Amino acid sequence: MINPETLVCTRVQQAVAALYGAVDPALVQVSKTRKEFEGDYTLVTFALLKTSRKSPEATAQEIGQWLTANAPEVCAFNVIKGFLNLSLTDGFWNGMLSEISGDDRYGFAPPSDRTVMVEYSSPNTNKPLHLGHIRNNLLGYSVAEILKANGHNTLKVNLVNDRGIHICKSMLAWQKFGDGETPESSGKKGDHLVGDYYVAFDKAYKAQIKELTANGMPEEEAKKQAPIMLEAQQMLRRWEAKDPEVYALWERMNGWVYDGFEQTYRSLGVSFDHTYYESNTYLLGKEIVQKGLESGVFFRKEDGSVWIDLTADGLDQKLLLRGDGTSVYMTQDLGTAVERFDQYRLDDLVYVVGNEQNYHFQVLKLILDKLGYAWAGHIFHLSYGMVELPEGKMKSREGTVVDADDLMAEMVATAHEMAQEMGKLDGLNSEEVDQISRTVGMGALKYFILKVDPRKTMLFNPKESIDFNGNTGPFIQYTHARIKSLARRAAGQGIDPTGWIDLQRTLEPKETELIKLLAEFAPAVRQAGNEYSPAVIASYAFELAKEFNQYYHDYPILKEEVAAADKRFRTGLAVEVARILKRAMGLLGIEVPERM
RNA sequence: GGUUCCGUAGCUCAGCUGGAUAGAGCAACAGAUUUCUAAUCUGUAGGUCUAGGGUUCGAAUCCCUACGGAAUCACCA
């Protein structure tokens, strides 16, 4: 299917070639005409003046005349300063609409035979997920869906950080203060329960530091000597030695956490094709270090630790293996990257990880490149900004985090309340009520997060709860629901909107605008894929919904006074809008209801 | 201090491969409903695009400098 903007570009190139001789296609700048001017697409002529050797106005006039005479799709033009505004025929737009409606995969690219892995979520198992994780999960899921829509074979993976000192802290605190508490005995969600003990550890730790410093020990020393910290470190060593008692406790408590995460993931609507556990992967990468040593990319210090010197690249020296031979974060990331590219024959690997790790990924790519892996340039760090509260950054240990489960429950409850107040839920059974509340509440949350550019730090103010009006998920969902309601009514009147195509039909300006927007869906999906940005899709969906609401307000569709042919056409157009809204929102992981 | 990212309306954000008079939403104010679903629509008001310089016919957009903010520069992950 041809994109109208591309078509106009091609036509202009033909015109310029016929009038002035061949030009560099890059000089042909076509964009959508601004709303305040007459026309569909605009050619900016300034870049062409060297070729035409005429004034901007004269150039625009000549090209406009050539196009109306020779390009079948162009029916009119006007010139304002150096801008040539072109109007396409209703026949063209009608044809466009019928092509879109006839393509049940419209907007999705054909298979690209590229395989792309998206790693996201990657939680620690010592505490429940919070708002920052929500952004990560929604971004990862959505980006994967967008890449899929771009035709790529896509793998979603999660790398769970299930080992390390932080888990030992929770374990130790549970042993000391837990009194055998379990999710079953307390009714607490497993990840929350384990998180509570992480907090308990920190409390006890701080108390011990205070005591030690009160007795005259310097604070730095106290942090190292606090008995509970020494115990945690001891526990980590026992875990690494696979001490059966510690290992069993670790498995048990991690199990609780996984049950909790599972529930959160289900509420969020995210999923994974494969889950990695660091306890299985943390030893990977050591042979790569060996290889790097042999090839001279890495070097060994006196204490036996292995490093790479990146000072020539403007970075620092980076540790790759400790003196005792154990691996660090970078070691295992090198290992997993190599394993993944080998195992899945990846073309691209996308890491959805916060911007606090920009440096790490910069180094990772550089090292892989120096080791000679040709695919190093195909690693992409989708670096997203932090979610901040009005008071600043969230801190788990200070209890200022916005808990993921709480927030979702609150959103759903708010959606329920509002719907009830507006009487939207009258006559529905409780299952439908729950379903709609969940869809709308989660839609509001997801859209709120995904509409902003991933790179940017975003602000969340819990006191001014997330909106349900304006540029929001529910606004788009509502537009969809209204169209569905319209479609049901049409069916009741025996109106079949399929097959309404009439190339001779005269279009209202708003109808042309809607078709133009529908035609922009495919390019939007491509752009979102190239930029790894769900925000592109969110903006698109909002534009389309807003445009439709204006149209629906101004033009009757199924009212009595409307002629039969108009009823059919307008219903058909509306149904197309609903279909694309649903598809766009699907790329964001947002459901759209049939009614609300 | 080095590196990277960000700075657009009171607030939250679009626009950034250079193009016409910088756009939305929220909040404020004024309207539209015996509803084809008002979770909607219309209008008013709100701007030195942080500042200064440069490139250009043309700069919110590209380059430089300054200012302000964030992240990072661990034998944590």
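Following numbering that gives the first Met the number 0, the numbering of the first sequence begins with 0 at its first residue and continues without gaps.
C-beta atoms are modelled at their ideal positions from N, C-alpha and C, and glycine is treated no differently.
All values derive from a computational prediction rather than experimental measurement.
(message) Do Ile500 and Asn93 count as a contact pair if the criterion is CB distance below 8 angstroms?
(response) Here residue 93 corresponds to residue number 94 of the first sequence, with the count starting at 1. Here residue 500 corresponds to residue number 501 of the first sequence, with the count starting at 1. In contact: Asn93 and Ile500 (Cβ atoms closer than 8 angstroms).
(request) Give me whichever residues DSSP pairs with Ile79 in a beta bridge. (result) Locating residue 79 in the first sequence gives position 80, counting from the first residue. Ile79 pairs with Phe82.
(request) Since I believe Val432 is in contact with Leu424 (beta carbons under 8 angstroms), could you give me their beta-carbon distance rounded to a whole number of angstroms? (result) Taking the first residue of the first sequence as 1, we reach residue 424 at position 425. Taking the first residue of the first sequence as 1, we reach residue 432 at position 433. With 8 angstroms as the limit, Leu424 and Val432 qualify as a contact, their Cβ atoms being about 5 angstroms apart.
(message) Classify Leu229: buried if its beta carbon has 16 or more other beta carbons within 10 angstroms, exposed otherwise.
(response) Locating residue 229 in the first sequence gives position 230, counting from the first residue. Leu229 is exposed by the Cβ-count criterion.
(message) Less than 8 angstroms between the C-beta atoms of Leu83 and Asp39, yes or no?
(response) As a first step, residue 83 is located in the first sequence; it is residue number 84 there, counting from the start. As a first step, residue 39 is located in the first sequence; it is residue number 40 there, counting from the start. No. Outside cutoff.
(message) For Gly189 and Gly259, I'd like the C-alpha separation in whole angstroms.
(response) Here the question's residue 189 lines up with position 190 in the first sequence. Here the question's residue 259 lines up with position 260 in the first sequence. Whole-angstrom Cα-Cα distance: 5 angstroms.
(request) Give the single residue among Gln361, Arg251, Tyr281 and Leu292 whose Cα lies nearest to the Cα of Asp312. (result) Counting from one through the first sequence, the residue named residue 312 turns up at place 313. Among Gln361, Arg251, Tyr281 and Leu292, the Cα nearest to that of Asp312 belongs to Gln361.
(request) Could you tell me which residues DSSP puts in a beta bridge with Leu87? (result) For the purposes of this step, residue 87 is taken as residue 88 along the first sequence, with counting starting at 1. Bridge partners of Leu87: Val73.
(message) Just verifying my parser: in three-state terms, what is the DSSP assignment at Arg454?
(response) Working through the first sequence from its first residue, we reach residue 454 at position 455. Coil.
(request) Flag this pair as yes or no: are the beta carbons of Ala577 and His479 separated by less than 8 angstroms? (result) Locating residue 577 in the first sequence gives position 578, counting from the first residue. Locating residue 479 in the first sequence gives position 480, counting from the first residue. Yes, the pair counts as a contact, with Cβ atoms nearer than the cut-off.
(request) Express the C-alpha separation of Ala486 and Ile435 in angstroms, rounding to a whole number. (result) Position 436 of the first sequence, counted from the start, is the residue given in the question as residue 435. Position 487 of the first sequence, counted from the start, is the residue given in the question as residue 486. Computed Cα separation, rounded: 19 angstroms.
(message) Restricting to runs no shorter than 3 residues, where is the beta strand (DSSP E) found entirely within the segment 365-394?
(response) 378-383 and 386-388
(request) Could you tell me how far apart the beta carbons of Gln331 and Thr280 are, in whole angstroms, since I believe they sit closer than 8 angstroms? (result) Counting from 1 along the first sequence, the entry for residue 331 is found at position 332. Counting from 1 along the first sequence, the entry for residue 280 is found at position 281. Right, their Cβ atoms sit about 6 angstroms apart.
(message) Run through the DSSP bridge pairs and tell me what Val43 is partnered with.
(response) Stepping through the first sequence from its first residue, residue 43 is reached at position 44. Gln28 and Phe82, per the DSSP bridge assignment.
(message) Just to confirm before moving on: does the CB-CB distance between Asp347 and Phe379 stay below 8 angstroms?
(response) Taking the first sequence and counting its residues from 1, the one referred to as residue 347 is at position 348. Taking the first sequence and counting its residues from 1, the one referred to as residue 379 is at position 380. Yes. Within cutoff.
(request) Excluding the 5 residues preceding and the 5 following Ala16 in the sequence, name in chain order all residues of the same chain whose CB lies nearer than 6 angstroms to its CB. (result) Looking up residue 16 in the first sequence gives position 17. Counting only Cβ-Cβ distances below 6 angstroms, and skipping sequence neighbours, we find nothing.
(message) Could you give the first and the last residue of the continuous alpha helix (DSSP H) run that contains Asn253?
(response) Along the first sequence, one-based indexing puts residue 253 at 254. Start and end: Pro243 to Leu267.
(message) Using only the alpha-carbon positions, how far apart do Arg454 and Val351 sit?
(response) Walking along the first sequence from the start, residue 454 turns up at place 455. Walking along the first sequence from the start, residue 351 turns up at place 352. Going from the Cα of Arg454 to the Cα of Val351 covers about 11 angstroms.
(message) Out of Val451, Ala408 and Tyr19, which one is the CA nearest neighbour of Ser266?
(response) Mapped onto the first sequence, residue 266 falls at position 267. Of the listed residues, the one whose Cα sits closest to Ser266 is Ala408.
(request) Can you tell me which of Phe547, Gly391 and Val288 puts its alpha carbon nearest to the alpha carbon of Leu320? (result) Stepping through the first sequence from its first residue, residue 320 is reached at position 321. Of the listed residues, the one whose Cα sits closest to Leu320 is Val288.
(request) Starting from Thr153, follow the beta strand (DSSP E) in both directions and report where the run begins and ends. (result) Taking the first sequence and counting its residues from 1, one reaches residue 153 at position 154. Asn152 to Val159 is the extent of the beta strand (DSSP E) around Thr153.
(request) Could you check the C-alpha separation between Tyr196 and Tyr358 for me, to the nearest Å? (result) As a working note, residue 196 is residue 197 in the first sequence. As a working note, residue 358 is residue 359 in the first sequence. So the two alpha carbons sit approximately 31 angstroms from each other.
(message) I'd like the list of long-range same chain contacts for Thr456, defined as Cβ closer than 7 angstroms, with 5 residues on each side in sequence excluded.
(response) As a working note, residue 456 is residue 457 in the first sequence. Hits under 7 angstroms: Gly384, Met385 and Glu387.
(request) With a 10 Å radius around its C-beta and 16 neighbouring C-beta atoms as the bar for buried, classify His552 as buried or exposed. (result) As a position in the first sequence, residue 552 is number 553, starting the count at 1. Exposed: under 16 other Cβ atoms inside 10 Å.
(request) Have a look at the DSSP bridge pairing and note the partners of Asp279. (result) Translated into positions along the first sequence, residue 279 becomes position 280. Correcting the residue type first, residue 279 is Asn in the shown sequence and not Asp. Paired residues: none, contrary to the question.
(message) With distance defined between alpha-carbon atoms, name the residue in Arg525, Arg481, Phe541 and Glu542 nearest to Ile556.
(response) In the first sequence, the residue the question calls residue 556 occupies position 557. Checking every option, the nearest Cα to that of Ile556 belongs to Arg481.
(message) Check whether the segment 289-297 and the segment 204-212 are in contact - that is, three or more C-beta pairs closer than 8 angstroms.
(response) no
(message) Determine whether the beta carbon atoms of Ala534 and Val439 lie at a separation below 8 angstroms.
(response) Against the first sequence, residue 534 aligns to sequence position 535. Against the first sequence, residue 439 aligns to sequence position 440. No. Outside cutoff.
(request) Could you check how far apart the C-beta atoms of Thr329 and Leu363 are, in whole angstroms? I think they sit under 8 angstroms. (result) For this step, residue 329 is matched to residue 330 along the first sequence. For this step, residue 363 is matched to residue 364 along the first sequence. Reading off the sequence, residue 329 comes out as Met, not Thr. Correct: roughly 7 angstroms between the Cβ atoms.
(request) Assuming Phe520 and Ile465 form a contact by the criterion Cβ under 8 angstroms, report the distance between their Cβ atoms to the nearest whole angstrom. (result) Indexing the first sequence from 1 puts residue 520 at position 521. Indexing the first sequence from 1 puts residue 465 at position 466. Not a contact, Cβ separation roughly 26 angstroms.
(request) Go ahead and pull the three-state DSSP assignment for Arg104. (result) Taking the first sequence and counting its residues from 1, the one referred to as residue 104 is at position 105. Coil, per DSSP.
(message) For Ala490 and Ala573, I'd like the C-alpha separation in whole angstroms.
(response) Indexing the first sequence from 1 puts residue 490 at position 491. Indexing the first sequence from 1 puts residue 573 at position 574. So the alpha carbons of these two residues sit roughly 13 angstroms apart.
(request) Return the chain-ordered list of same chain residues with a C-beta closer than 6 angstroms to the C-beta of Thr511, the five sequence neighbours on each side being excluded. (result) Position 512 of the first sequence, counted from the start, is the residue given in the question as residue 511. If we look at Thr511 and ignore the five residues flanking it on each side, its Cβ neighbours are Trp92.
(message) If you reduce the DSSP assignment to three classes, tell me which class Val401 lands in.
(response) To locate residue 401, count along the first sequence from 1; it is residue 402. Coil.
(message) Using only CA atoms, which one of Tyr531, Leu158, Ala14 and Met421 lies nearest to Tyr276?
(response) Here the question's residue 276 lines up with position 277 in the first sequence. Of Tyr531, Leu158, Ala14 and Met421, the residue nearest in Cα terms is Leu158.
(message) Using only CA atoms, which one of Pro127, Arg594 and Ser100 lies nearest to Gly426?
(response) The count along the first sequence starts at 1 and reaches residue 426 at position 427. Minimum Cα distance to Gly426 is reached at Arg594.
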